[in-house]
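In the working numbering, the protein residues as written are 6 to 165.
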């Protein structure tokens, strides 16, 4: 399938949806001076083409008591164990992201925890998985940048 062409209206619709996935199409339409039907058709087109993949809800983990973030690099005994280890990692709900990587680590994970004590428990769960040789942890002091819009705007500029 070829690259999908998006115009400025599509960009503006995506911009508003990134800010608030629950914004009504009628509100988008009013801001862009187009019909709600047009917004609906364009969003549906972007969903069908795979540009939009669902929508997500952002939680304030700090208010929920899970403000501790750590990144854990996982070293494997053997790369052939990657699939098995990922299946075990997927069973640990506090591991929110896992990437197969090149370089220093075989797998790189993001964990969310209630405290350093809780994070230690999660890290020990990772260490105990068969096939894990060792882990290396980095504690996040602050999430300073988490901005999907900057990347989206760069992608749009590259498309033109």
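Think of the CB as a built atom: it goes at the ideal place given N, C-alpha and C, for glycine as much as any other residue.
- Secondary structure at residue 81: strand, using DSSP grouped into helix, strand and coil.
- Counting C-beta pairs closer than 8 Å gives three or more between the segment 102-116 and the segment 57-77, which meets the contact rule.
- Contact between residue 161 and residue 16 holds, with the beta-carbon distance rounding to 5 Å and staying under 8 Å.
- Rounded to the nearest whole angstrom, the C-alpha separation of residue 31 and residue 153 is 23 Å.
- C-alpha of residue 22 to C-alpha of residue 101: approximately 23 Å in a straight line.
- Relative to the Cα of residue 118, the nearest Cα in the group 35, 68, 52, 83 belongs to 68.
- Look at residue 164 here: in three-state DSSP terms it is helix.
- Its chain contains no residue whose beta carbon lies nearer than 7 Å to that of residue 150 once the 5 sequence neighbours on both sides are disregarded.
- For residue 113, the enclosing beta strand (DSSP E) covers residues 112-118.
- Using a C-beta cut-off of 8 Å, the segment 41-58 makes no contact with the segment 119-128, since fewer than three inter-stretch Cβ pairs fall below that distance.
- Residue 96: not part of any alpha helix (DSSP H); DSSP gives it neither H nor E.
- Counted as a single uninterrupted DSSP element, the alpha helix (DSSP H) harbouring residue 52 occupies residues 41-53.
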